[in-house]
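Sequence lines, in order, name chains A and C.
Numbers -6 to 78, taken from the numbering used here, label the letters of the first sequence in order.
Numbers -6 to 78, taken from the numbering used here, label the letters of the second sequence in order.
Some notes on the structure that comes next.
There are 2 protein chains.
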Amino acid sequence: MKALVHVALKKTVLDPQGQTICRSLASMGYSGIRDVRQGKYFEIELENGATAEQVEKIAREVLTNPVIEEFTCDLEESGRPEADR
Amino acid sequence: MKALVHVALKKTVLDPQGQTICRSLASMGYSGIRDVRQGKYFEIELENGATAEQVEKIAREVLTNPVIEEFTCDLEESGRPEADR
C-alpha cells in the first residue's frame, strides 16, 4: 500500500528557486515557459490497512510547514509489483 | 497549460533523507510505515501549444541528474492532475 504526499509552497508565497529555474531555462534557450514552481513529494510505503487519515496526519504534522506550505495526499492500493519490494 | 515533472532518485540509489524521515516517524510514534522515499516535482506553466516532447527535453536535460535520478512527465490542459504514480 502506497501513499503519495505532495508538499508545495502556498501560491501566495514567493518561490525563488522556481523563479531561478524559469529564468535559467529562458537563458538556456528553452522557450515557452511562463512560470516554474518547485515542490517536494514523499512516496510512503505503508503496512496494509493504513488509512487516508493516518497519512494526512503525518503530512500535516510532520511533512508540511503550515505557515508557508500546503499538501495533498493520495492513497493507492499496491497494484504494481514494485510496491511489494 | 501546465506540465508536472516528478524527479526521484533511482530505485537502486540509496535515499538517506527518506530513511531518516522513516525512522523519525517511527520514533515519533507514527506506526505502520515501511519505507519513505523523497523526490521533487516541478509545476511548469507553459505557453499554449507546448508539446510533451518539449517538457520531456527540459526534464531530461535540465531538471534530472541522469546518473542517479529518473523522471516522469505529465502534461495537462489546466488544473492539477490526479497522481498517476
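Cβ coordinates follow ideal geometry from the N, Cα and C atoms, glycine included.
Here the structure is a predicted model, which is why all the values come from computation and not from measurement.
Burial state of residue i, where buried means 16 or more other Cβ atoms lie within 10 Å
i     : result
A:E70 : exposed
C:R30 : buried
A:E40 : exposed
A:A19 : exposed
C:D77 : Here the model assigns C:D77 a pLDDT of 44, short of 50, so the residue's position is not dependable and the matter cannot be decided.
A:D8  : buried
C:G32 : buried
C:A45 : exposed
C:G42 : exposed
A:I26 : buried
Bounding residues of the beta strand (DSSP E) (the contiguous stretch that carries residue i)
i       : result
C:K(-5) : K(-5) to L2
Beta-carbon gap between residue i and residue j smaller than 7 Å
i     : j     : result
A:A1  : A:I37 : no
C:E54 : C:C66 : no
A:F64 : A:V6  : no
C:L56 : C:F35 : yes
#### Entry: Against chain A: residues of the stretch 25 to 51 of chain C by CB proximity under 7 Å
G25, I26, R27, D28, V29, R30, Q31, G32, K33, Y34, F35, E36, I37, E38, L39, E40, A43, Q47 and I51
### Task
Please go through the stretch 6 to 63 of chain A and give each complete beta strand (DSSP E) segment of 3 or more residues, from N-terminal end onward.
26 to 39
### Query
Closer than 9 Å, Cβ to any Cβ of chain A: which residues of the stretch 13 to 24 of chain C, in chain order?
I14, C15, S17, L18, M21, Y23 and S24
### Task
Scan the stretch 52 to 63 of chain A for residues whose Cβ lies nearer than 7 Å to a Cβ of chain C and list them as they occur along the chain.
V55
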